[in-house]
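Please read the structure below before turning to the comments.
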Amino acid sequence: MATRHDAIHAADEDLQAFELRMAQDGLCISRTFMLFDRRYALEQLRLAHTSADDALRELAMRIFRRLELQRALRPAPRHEPALG
-1 MATRHDAIHA ADEDLQAFEL RMAQDGLCIS RTFMLFDRRY ALEQLRLAHT SADDALRELA
59 MRIFRRLELQ RALRPAPRHE PALG
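According to the numbering used here, the sequence shown is numbered sequentially starting from -1.
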């Protein structure tokens, strides 16, 4: 059975492979921004999806699906009623 550690390791391996494939396509990315800036990550994934490199497109889709899953599993923000 896969553990949380296994999932984190697989995600890190995918991100490292994504970074290398993007560099081979002439595009440099920031792994830090990929991890912490959703808009940046989505833009890089969009760029990768337009690549002629099938493996890069597959990595982009796998990373995108993981981002969407994380977003779906994240608790909804609490909205406090406005006082006034």
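By construction, the Cβ of each residue, glycine as well, lies at the ideal position given by its N, Cα and C atoms.
Just reading off the alpha helix (DSSP H) that residue i is part of, what are its end residues?
i   : result
D52 : D52 to L71
R76 : Unbroken run through R76: none, as it is neither H nor E.
What is the DSSP secondary structure of residue i, reduced to helix, strand or coil?
i   : result
D12 : helix
G82 : Low confidence applies to G82: its pLDDT is 47, below 50, so where it sits in the model is not reliable enough to give any reading.
L25 : coil
R19 : helix
T48 : coil
T1  : coil
Between residue i and residue j, how many whole angstroms is the CB-CB distance? I'm expecting something under 8 Å.
i   : j   : result
D10 : R60 : Their Cβ separation, rounded to whole angstroms, is 13 Å, which puts D10 and R60 out of contact at 8 Å.
A46 : R36 : Between R36 and A46 the Cβ distance is about 15 Å, and since that is not below 8 Å, they are no contact.
L71 : F16 : Wrong, their Cβ atoms sit about 21 Å apart, outside the cutoff.
F31 : L43 : Rounded, the Cβ-Cβ distance is 12 Å, inconsistent with contact.
Sorry if obvious, but does the Cβ on residue i come closer than 7 Å to a heavy atom of the ligand ZN?
i   : result
R63 : As for the ligand ZN, it is missing from this structure, which has no ligand bound.
Check: Is the region 46 to 56 in contact with the region 14 to 23, if contact means three or more CB pairs nearer than 8 Å?
Finding: yes
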